[in-house]
Structure formats: C-alpha cells, structure tokens
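All you need for the numbering used here is the position in the sequence shown, starting with 1, plus 44.
Note that CB positions come from ideal geometry on N, CA and C, so glycine has one too.
Because the structure is a prediction, the values reported are computed rather than measured.
The next block holds one structure in the form of structure tokens; read it before the comments.
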Amino acid sequence: MSFFRSLRAADSLAVCRSVPLSNEKCTNLLTVARKKAPLPPTSSLRSLHKPHCSTGFHSVHASCGLGVPMQIRLSHTDVTKVPDFTNYRVDATKSPTSRASDSELQRKVFGYTMMFAGAVMATTAAKYTVKTFIMPLGPTSKTLAEASTEVSLATIPEGKNLVVKWRNKPLFVRHRTAEEISRERAVPLSELRDPEPDENRVQQDEWLVCLGVCTHLGCVPIAHAGDFPGGFYCPCHGSHYDASGRIRKGPAPSNLQVPKYTFTDESTIVVG
C-alpha cells in the first residue's frame, strides 16, 4: 500500500516510459493531467506490482523527485533462503536451548585427543620414512666398523708416506723431515689461499695426517709430486699442496682435511 500512498502524494501522474502504440497516444503524452487518478482495486497482490494504465500504455513506473516521496519496500519476497548448517554442527550444539559452555570441555578434550593421535601417527610415519629411505644413504655397517683405524708409525721411514683406507677414503700419513718442517713453518700466511699455520695442522711436528682427497672435485692427489717438495699434486686439474697439506696453486679452494686422531704411544695413532 505504500506504493499507492506515494502516488497520492505526487503532484502529477508518473510518466509512462513505454513506447506508445499510436499517434493519438503520443499526443496524450503532451497533456499533463492535474486530476489524481483513482486507485486500482487492491483485492489481489498482483495489482500492487502491476497497476493498470488507463491511457493504453504497457506499464507505469514511479520515479523519485522533489515532489514525489521515495518508495519504501516493506515486503521482501526474493531473498534467498538461509542455508542450514545443522548437518555440519556437533550434536552438543544443535539444540537452540543448550549453552555452548556446557559442552565446551567435552569438545576440547575430543579435539585435543584427535590432535595428539594425529601427531603420534605423523611421528611414526616420519620415523619409518627416515629408516626406509634416508638411512640407506648413509655409511654402511662395514664403514661404521672401520670408523676408528689404528695406524702403526714404526714402519714409515723419514720422508715417506703411508696410505691407509679409512671410511672408504685414502688417508695420508707422512713422516716429515726437519727441512720440510722448517720450510713450512717459514711460509707467510699472506701467501696462502686458505691461511692456516703449520702448527695447527699437526700434533707432532714430524707427523702429518690428512685425507688424500682433493678439495676441488674429490680426486686423489699424488705424493712427492708438484711444485712444492714433499707435497702432493692432483693431476686431474692441477692443484698443488705443500708438505703441510695446504693448497698453494691450482683450482682447489681449501687445504687437505685433517681428521681427528690421537697418539696412543710414540709409534701408534688412532684415527677417528
């Protein structure tokens, strides 16, 4: 009924926006009727939305302006039905008369229990994944058994090397001469690519223990070769090491690695 109350308050009839069907009807558009049109019957809901037009036009449209109040819609029949989420709610909160605080503890205990069970299952799955796929990539049991190797120094003459297999890698043990020791101690650190004093690489001056693996690409250097006496030379890419195992020339970025070892007596060491 608010629609027709707006029409009563209008100073003039609403202008029909439909295209006229004849010239006579076009002439009627120029005539402004000051007399208010009678309201159509309101017996049916259809008459509220589609009022009859006495001038022969298809429909009448009301517009807002200075002399026409704004239309207010009190009935909404095209609103979508609100979805029902009852199937997704827990049983303790389905009743509209129950308080959420009454079942809060129960719901929290259930949630934490499921979280703990999921964490246990994930940890177990991660354990078996590591055991099945990652552990085989590590050293074998035979290699682990050789983790500690005992080397006798009594059989190595002065100025010679001994090559020992340790963890599937070559291990160089060199009995250095006094001349080699003094020469390596006199090398300035500014001339070294990987500066490291000779004193820090040996536990006893006459014994050098290092891995025989080139730090460039993992090749095995040759003893008593290269540009530095008593040193090592890698023929693959031309890396030169001195009698202390320090890189002096070539593409290798660092010195030969010194493993952990201990002297058990004057002529025996344990590597690893």
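Sheet register partners of residue i (DSSP bridge)
i	result
D309	T312
Q248	W251
K213	W210
K293	H284
V195	I313
Y277	I266 and H284
R133	Per DSSP, none; premise fails for R133.
R218	N205 and L252
For residue i, the three-state DSSP class (helix, strand or coil)
i	result
L255	strand
V208	strand
I200	coil
F272	coil
E148	helix
V264	coil
H93	For H93, the predicted structure reports a pLDDT of 46, less than 50, and the residue's modelled location is therefore unreliable. The matter cannot be settled from this model.
R227	helix
L73	Per-residue confidence for L73 stands at a pLDDT of 45, beneath the threshold of 50, marking its modelled position as unreliable; the derived number appears in the next sentence. It is helical.
G155	helix
P183	coil
T168	helix
H102	For H102, the pLDDT reaches just 47, beneath the cut-off of 50, and the residue's location in the model is therefore unreliable, although a value from the coordinates is still provided. Reduced to three states, the DSSP call for H102 is coil.
D242	helix
T141	coil
N299	coil
L65	Any reading at L65 must be qualified, since the residue scores a pLDDT of 45, below 50, and its modelled position is unreliable; no value is offered.
K125	coil
K304	coil
L118	coil
Neighbourhood of residue i by C-beta distance below 6 angstroms, restricted to the same chain and skipping five residues each side
i	result
H260	H281, S283, P295 and A296
A269	Y277
V264	P214 and G256
P183	none
I266	Y277
S147	A136
Cβ separation of residue i and residue j, assumed to be a contact under 8 angstroms, to the nearest whole Å
i	j	result
S288	L255	S288 to L255, Cβ: 14 angstroms. No contact.
D238	N299	5 angstroms
R292	F307	So it is not a contact: roughly 28 angstroms between Cβ atoms.
I225	E202	11 angstroms between Cβ atoms; not a contact.
R220	G274	7 angstroms
Same chain only: Cβ atoms within 8 angstroms of residue i, ignoring 5 sequence neighbours per side
i	result
S192	V314, V315 and G316
Q248	F307
H93	For H93, the pLDDT reaches just 46, beneath the cut-off of 50, and the residue's location in the model is therefore unreliable, although a value from the coordinates is still provided. Excluding residues within five positions, none has a Cβ falling inside 8 angstroms.
R245	L252, C254, S288, G289, R290, N299 and V302
P127	none
Contact test: residue i Cβ vs the ligand ZN heavy atom, cutoff 7 angstroms
i	result
A170	The ligand ZN is not among the ligands present in this structure, which contains no ligands whatsoever.
Cβ shell of residue i (< 7 angstroms), same chain only, five flanking positions each side left out
i	result
E228	D242, D286, A287 and S288
L236	R290
Quiz item: Below 8 angstroms, can you find three or more Cβ-Cβ pairs linking the segment 173-187 to the segment 196-205?
Solution: no
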